[in-house]
Every structure is written in structure tokens, then in C-alpha cells.
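If you read the sequences in order, they're chains A and B.
Last residue of the first sequence? That's 825 in the working numbering, and every number before it is there in order.
Last residue of the second sequence? That's 102 in the working numbering, and every number before it is there in order.
Note that the Cβ used here is the ideal one computed from N, Cα and C, for glycine as well.
Only a predicted model underlies this, so the values are computations on that prediction, with no experimental measurement involved.
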Amino acid sequence: MHRDDDAEIIAAARLGFLDEAADMLQQFEQALLVMETTPDDSENLNAAFRAAHTIKGTAGLFGCDAVVVFTHEVETLLEGLRSGTLPVTDDISAALLLGRDQMGALLEEVRTGDASPEVAARSVLLGDQLRKLYGGAPAPVAAAAVAPAAAVAAAPARGAWHLSLRFGVDALRNGLDPLAFIRYLGSMGTVNACHVMADALPTLEALDAEACHLGFELRLLTEAGQDEIERVFEFAADDCSVQILPPDADGDAFEQLLALRCEDDADAYEALLAVWARLGMRMGQVDTDAAAPAAQETLEANPAAPPVAAAPVADRRATDRRTGRDRRAPAEARFVKVRADKLDHLIDLIGELVIAGSGAQMVANQEGSPAFLECTQRVSELVQATRDGALALRMVPVGETFSRFQRVVRDTSKQLGKEIEFTITGGDTELDKSMVELIADPLMHLVRNSLDHGLELPADREAAGKAPVGRLDLTACHEGGCIVIEVRDDGRGLRRDRILGKAIERGLVPEGAVLSDAEVWQLIFAPGFSTADKVTDLSGRGVGMDVVKRNIEALRGQISLSSTEGHGTRTQIRLPLTLAMIDGFLTTVGQVHYVLPLSVVSECIAVPRECLSAPDRTCGTFDLRGEVLPYIDLALFYGVVPSADGDTTPIDQQRRSLVVVRDGAVRIGLVVDRLLGEHQTVIKPLAGIFKHLKALAGSTILGSGDVALVLDMQGLMSAALQAAHLPRPGARLAPTFANE
Amino acid sequence: MTATSPSADLALGPELTIPFAADCRTTLVQALAATAGDLRLDLSGVTDVDSAGLQLLLCTRRSLVERGDSLQIVACSDALGEALGVFGLGNLLVTADEAP
Chain A
86 MHRDDDAEII AAARLGFLDE AADMLQQFEQ ALLVMETTPD DSENLNAAFR
136 AAHTIKGTAG LFGCDAVVVF THEVETLLEG LRSGTLPVTD DISAALLLGR
186 DQMGALLEEV RTGDASPEVA ARSVLLGDQL RKLYGGAPAP VAAAAVAPAA
236 AVAAAPARGA WHLSLRFGVD ALRNGLDPLA FIRYLGSMGT VNACHVMADA
286 LPTLEALDAE ACHLGFELRL LTEAGQDEIE RVFEFAADDC SVQILPPDAD
336 GDAFEQLLAL RCEDDADAYE ALLAVWARLG MRMGQVDTDA AAPAAQETLE
386 ANPAAPPVAA APVADRRATD RRTGRDRRAP AEARFVKVRA DKLDHLIDLI
436 GELVIAGSGA QMVANQEGSP AFLECTQRVS ELVQATRDGA LALRMVPVGE
486 TFSRFQRVVR DTSKQLGKEI EFTITGGDTE LDKSMVELIA DPLMHLVRNS
536 LDHGLELPAD REAAGKAPVG RLDLTACHEG GCIVIEVRDD GRGLRRDRIL
586 GKAIERGLVP EGAVLSDAEV WQLIFAPGFS TADKVTDLSG RGVGMDVVKR
636 NIEALRGQIS LSSTEGHGTR TQIRLPLTLA MIDGFLTTVG QVHYVLPLSV
686 VSECIAVPRE CLSAPDRTCG TFDLRGEVLP YIDLALFYGV VPSADGDTTP
736 IDQQRRSLVV VRDGAVRIGL VVDRLLGEHQ TVIKPLAGIF KHLKALAGST
786 ILGSGDVALV LDMQGLMSAA LQAAHLPRPG ARLAPTFANE
Chain B
3 MTATSPSADL ALGPELTIPF AADCRTTLVQ ALAATAGDLR LDLSGVTDVD
53 SAGLQLLLCT RRSLVERGDS LQIVACSDAL GEALGVFGLG NLLVTADEAP
């Protein structure tokens, strides 16, 4: 149980990471494309670098080593561009774009969970290429470099490098000892000033003695180049954030470092600037000699001494903070985190707006003023667009729910000794957030059913002439106003005779009844029905499919199942995209308004002769251009009392209409009194006391303040089909056919 | 090792490294609780020290500074002195030098 929970949490976090990474990749690509046109835009280079760095960092957290190793190469090359040691060339930007694709491929592998050797090979190849670009280039490039300062770097001067190190919290546990790193740096030259960032340390009471909170700012006097210094930290890349500024680094580089280390924290800015001052650094000035200790003394002796330096530093900080905020703005603008209840409130308000809007429309119709009508028309279009926009805010990809099954499939297949290939298609299909959460459990049940009962052991599969590896597919797609989710396996399928036998045994079906395949499969959903011989850990307790069906129907969805013995089972769930608002089609029956989802209405015709000739029949069949379709007379179906006005009783049959509705492949006719046309419908749930009413999905409020009932298509369809299939007394059949 | 007497110098060691860090921390926390004023450490017996050990000392100092006291290292081994030097933490020893 706990393992499942943990796995789910990790899976969710991982998805978060992948989503963020996908977004970062997009920013990265955008920045690279901008870089090609304006190579001097340092802000843009920073954006690219930050994106790559973030991907690397979070990938490290999730142990995606392939991503980390490769992204590191990309990042290093970018660092070269950023620090000005490399110019932006076509080769480099091409390589970086290839690198971006490769990062995408690697992240995709993380998402899907399979690792292809081709991708790994390409990682190595591209990695080499990138390394060559930043390793081989510096010398010839320096001459051509724009910044004159770069020329200084070309000559191996014994300069004072600035290193800013922040060790990760797990560094010590992973066997990385900062002490050893700094000692080693000492062997490359002289560490002439080192400062431990004590502010970041917790108090002793709050300290986890094995966690690492150490950060350092240090000055290294060495003749070694950037590569050599970087190599010191190469194997610590995951656990240490290292920033190396060359002796000739200009103020911008330090500003960037400040921004990186302190983000927007003003106190941290001050503290870091103070540390740097104590280390003997003067920002924006080239510092190539060993004057640092001397500077340190002066500064310590008289902390307020350099007013000349202090002012620019303060200014710089101010500007840097400003630019810092600007730089972050695009990233923040991409996503705004909003509390779910605020969103729900907005949707509610828009629901009210829709209702008020249709009220206005109605008044406009009554007034008959063309100008007024035109205005309300425009308003109602806008309201509709607003409604769609607001509903879209709540749409989330269904894949988030799907991917949690990866782990379930893996664990279950191991536990049962089955080999299963699990594929997910259409994970980006969107569905209302509230529904995504609600379908997870039913889906889990279906997946487990397939794993447990459907798919056979490898040996059994081979014996049956099938590939030893079973397939389980989970797909989602949009169809009309619905989302269709399918769970399909190529297992042993359902045994028709056994289901029928069981149903007869339980008295669900009379002995000797002849049922269609679809009807047999439908028996699976009867309460307490299970054909499994033995109860397993996973499923087969007989509390399965009826609960699934109930859950799906509670979402105004429907579930159907088909199976071929020996070849597998396919379960299909159709769900409306949202529970909140739909485009409706308003009709009246008697004095009651009924709303149909507009998406199911296929045509409206005059009531056919077959219905007219049998005015007292609730259900029957009629002929639609040669096709026999069942119909329901809603007035009789709901027992609507004929209008009390007196003059229209009995209902004027000639003025009534028949609405042909379609759901999937099934079409039925609904006989109503009047058609009122399109209506934006905000669905309100029916209170518990109305639960027993048949085929009602909810209610809605009309512009006039009247209540309309929202018809539940599935309920009506099954009522119509049942009626059409039930053996009917010949006396009633006869007139229907006699008229044909 | 008794860490409860406020007057006595608290001796740590010989290992001030990550395997012993959790125990050391416990000792130091107890000592902090038992000591009213400055905490005096006798670190002459420290033969091995790593970053975890140094971090412990820094955190102890922070805790002491927060309550208005200071950390006094009254005796220090060569190994520890060298390590403190690498981190640029020679000033930790200043109080020890000044101490009688």
C-alpha cells in the first residue's frame, strides 16, 4: 500500500518535472533561435543557460543520469558563449539545437520509460561534438572575440579566478568532501581567500549532521585554464553548483553570479557583496595580481573606506535587481498558479452569466427591437466564448492519470510472472480536471482486470499461438463532445458461454434466452457478477465492474465492452468533456422544459405517421428514410400532464416534433411538443430526492427563471432500446406495421 | 564523556568526520543546553576532520552567537588547524588564542 502511495507521489513529481522540462526545452529552443539572429543578447544567452541548467538540476534530482550527463555538455558550451570566451557561430547554434532535440529525446525516454541504444549512442556522439566546440575553440577564437577582455584570457596569465561553490544537501552523504576540493584547488595554485557562506548554515539544533549546507566564495591564483578548474568539479556536477569567473571577468559576470546566488533576496545580495568585498574583489575591474590580501586588510580596517566603490555597487545592485526581475518575467508569465477554488468560483460566475445572458436574450426577443436583439446577440457570443475559455482553464491532459499505470503494470506483471507491453496513446487528450480525478479508480480497475484475468502467462500464450509478450493498450481521444478512453488487451478474452451460464445460474437471464453478444457482455456489469474461479489479490472479488459502471455513469459517461474469446477484450469508456456547461437544445413537453445536449442532436423532423397512429404508446419504432429507429414519446415517458390551458388538450399531435439524437452508432427519436432552439446550459446537479427519476442528468435555470431538466442520453437510449427489444403484444405491433 | 558540567571544557574527537557527525551533534546539542555562557571546546584530540565536522563547529558557533554567546576553541590539534585554514576559518581559533 505504502509502496503504491510512494510510487504515485514520485510519479506525480516526475510528471511535474517532465512538464517543467518540456516547458524549459521550449524556452531553451526559443532562446537558441533568438541567439542565431542576435548573438550579442546576453540576456537571451542567460535565459538559454538557465533553462538548460534547470533541466539538468531537476533531472539530477530524479536520477535521470543520461539527461544530466548530456545536458551538462550543452550547458558547458553555453557557459562559454555566455562568458564571452566563445563567439556565437552557426556551427555552435546548430549543435546546440541538435543538443536541444537530444535533450528532448532523452526526456521523452524518461517519460516513456524505455531507453533505446540509438538515443544513447547519439548522446555520446553529440556530446563529443559539443565538447569539441568548447574545448578546441578558445584559442583561435580569442583573437576574433568582440570583448577586448577575452584577449587577456588567451594569454595564460596567473590570474585570480573567482569561484563560487554551493554544495548540494547530499554532497557529504555521496562522499564528496568540500574540504578535499578546496585542498585540491590549493594544489593547482594558491587559494588566497576563502569564505564559508555561514549565513546559509542552520543552527546546531536544526542541523542534520550528515546533510551539507556549505557554500564557498573563494579566490584562486592559478595559471590553470577554465577547463582545468572545471575538471576538478566534473564528477561533483550533481552535488555542487560551481560558478567559475575568470580573472578578467567583467562586472556583468559578477552581476549574473549575484543574480544566480541571491535571486531576489536583498539581504543575500548585501551579504554576498560584503563577502566579495572582504575577499578583495572589486566588481567590474580586472584583478590579475595578488593584491587581494592587501585589499582585504584595508577593507577590514575601515569597512566604510571605499565610498567610491560602495556607491556603484549599490547602484549596480539596484539595476541588477531590476533586470533580474525583467529576466524572470517571461518565465512567470507562462504559468500562473491559481487556486482551484478560485477557478471553480469563476466557472460558477460564468454559469450565472450564461443564465442572465439568456434572460436578456429572451427579453430582447419579446421586445422585438432589432437594435436590442443585435446587442444581445453580440453579448451572447462573447458569453459563449468566455464560457469556453473558462472551461478550457480546467482542462488537463488525461496522460497524468494514465502514466501512473506504468508502475502498476510493471509491478503486477512481475508479481504474476507475465510479460506485458504497455502502451499509452493520446495522453495529451484533455479532460475536465474534476473528471480526470474521478476516472482514475475505474480505469485502475479495468487495467487490473486485464492484467489479472485477461492476459495469460507467457507459456499459455505460446500454447495458444500468440506472442509470449502480452499487449495492453490504453488510449484516449476526442470524439464529438466526448472523450473516449479505451483499455484493450490481447489476452484470453471473455467466455461468452460461461458468462451466460453464470447469469442464468444467478437468475439474471431466463433459461434458454437468446441474447446478442453486446447483451452478454453487458451482463458483466451486473452487480456482484464475477466469473473468476478464484479470488486473487488484485481483482475477482465480484465487486468490480458494477462499481466501475456506476462510477462512469455518475459522470454522465457510458461504458461498453467487447471481447473475442482467445483474442482479447476491449473496454470503452465515453465521457462528456465537462460536467459543468454544455451547448443545449431546448424543447418543451407539456409545460416542462427539457434540454438535450446539442452535440447529440442530429436532425429534427415532423412526427412521423407511425407515432401519430399510436398516440398512447410511449415507445415504438419509426421509419427514417428506410431505416427503422426506435422512438420515445417524452410526454408519455415522463407522464407529463397535458397542458392545463384547456384549449390544447389533448396535445395537438400535428404541431409536435421528433428530434433524432445520435450517440455513437445508435440513433433514436424523441417526440417533443415544441422546439425552442439552441440554449447555453449550465448543468446543476439534481438533489438526492430526484435520483430515482429516469434518464435525467441534471437541471438548469432558464433566462425566464424557469427550471429545465437536462436529459440523460444514455438513460433514454437504453430505455428506448430495451423497449424495442422487449417482446411486445402483437396487438400493439400490428398497427405500426400496418401503416407501413 | 560527560558534557553536562558547564565549567569543564568539552573534548571532542578523535574523529570529527561524517560517520561520527550525528553523535557529535548530539553531544554538542546537550552541551549547548547545559552551558549557560560561552561554550569551550577542547579539540586537541582531533586527529581526523572533514567538512561535516567543520560544518558542526560552524553550526555550533551560529547557535551560540544567536543566544549572544561565543564558541571558544581552547585547544586545537594540527589536523584541525590545517582544515580550518583551508576553509579560511582561522578566526574560529582567535578566541582560543586570546583565551588564557
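Within the region 293-363 of chain A, the complete alpha helix (DSSP H) runs of at least 4 residues fall at 311-317, 336-347.
Measuring C-alpha to C-alpha distances from Ile690(A) to each of Arg759(A), Gly651(A), Thr649(A), Asp748(A) identifies Arg759(A) as the nearest. Comparing C-alpha distances from Trp606(A) to each of Thr560(A), Arg702(A), Thr654(A), Gly592(A) shows the shortest one belongs to Thr654(A). Comparing alpha carbon positions, the residue from Asp545(A), Glu313(A), Leu257(A), Val792(A) closest to Leu671(A) is Val792(A). Between Asp312(A) and the set Leu218(A), Ala425(A), Asp602(A), the nearest pair of CA atoms involves Leu218(A). At a cut-off of 9 angstroms, the C-beta of His298(A) has a neighbouring C-beta in chain B.
Excluding five sequence positions before and after Glu295(A), the CB atoms of its chain that fall closer than 7 angstroms to its own CB belong to Leu257, Arg258, given in chain order. Residues of the region 272-294 of chain A that bring their beta carbon within less than 7 angstroms of a beta carbon in chain B comprise Ala278, Cys279, His280, Val281, Ala283, Leu286, Pro287, Thr288, Leu289, Glu290, Leu292, Ala294, in sequence order.
Residue contact with chain A for Leu60(B): present (Cβ-Cβ distance below 9 angstroms to some residue of chain A). DSSP, reduced to helix, strand and coil, places Cys149(A) outside both helices and strands of the structure shown, so it counts as coil. Chain-order list of chain B residues neighbouring Asp262(A): Asp52, Ser53, by C-beta distance under 7 angstroms. For Leu476(A), the enclosing alpha helix (DSSP H) has its first and last residue at 455-478. With a cutoff of 9 angstroms on beta-carbon distance, Val154(A) and Ala137(A) are scored as not near each other. Listed along chain B are Val88, Phe89, each with a C-beta nearer than 8 angstroms to that of Ile267(A).
Within the same chain, Leu796, Asp797, Gly800, Leu801, Ala804 come within 7 angstroms of Ala780(A) by CB-CB distance, once the 5 residues on both sides are set aside.
Under a 10 Å Cβ-count criterion, Lys499(A) is classified as exposed, with fewer than 16 other Cβ atoms of the shown protein chains found around its own Cβ.
In the DSSP assignment, the residues bridged to Asp668(A) are Gln765(A). Closest option to Asp126(A), judged by alpha-carbon separation, among Pro172(A), Gly142(A), Arg641(A), Ala107(A): Pro172(A). The DSSP-derived three-state label of Ser784(A) is strand.
Residue state for Val195(A) is assigned as helix, using DSSP reduced to three classes.
Contacts between Leu257(A) and chain B, judged by CB atoms closer than 9 angstroms, involve Ile20, Ala23, Asp52, Ser53, Ala54, Gln57 in chain order. Spatial neighbours of Leu59(B) in its own chain (CB-CB distance under 6 angstroms, excluding positions within 5 residues in sequence) are not present. By the neighbour-count criterion, in which 16 or more other beta carbons inside 10 Å mark a residue as buried, Leu540(A) falls on the buried side. Per DSSP, Glu695(A) is one residue of the alpha helix (DSSP H) stretching across 694-697.
The bridge partners DSSP lists for Arg659(A) are Val569(A), Gln643(A). Judged by DSSP in its simplified three-state form, Gln676(A) adopts coil rather than helix or strand.
In this model, Asp284(A) and Gly271(A) are separated by some 24 angstroms (Cα to Cα). Under the three-state reduction of DSSP, Thr560(A) is assigned to strand. A distance below 8 angstroms between beta-carbons, with the five flanking residues on each side excluded, links Ser208(A) to the following residues of its chain, in chain order: Ala151, Val154, Phe155, Gln187, Leu191. In the structure shown, the three-state DSSP call for His157(A) is helix. Counting the other Cβ atoms within 10 Å of the Cβ of Glu522(A) gives fewer than 16, which makes it exposed. Ala106(A) is not a Cβ neighbour of Met120(A), given a cutoff of 9 angstroms. Asn450(A): member of the alpha helix (DSSP H) spanning 425-452, first to last residue. Straight-line measurement puts the Cα of Ile440(A) at about 14 angstroms from the Cα of Val680(A).
Approximately 6 angstroms separates the beta-carbon atoms of Leu91(B) and Val281(A); this is inside 8 angstroms, confirming the contact.
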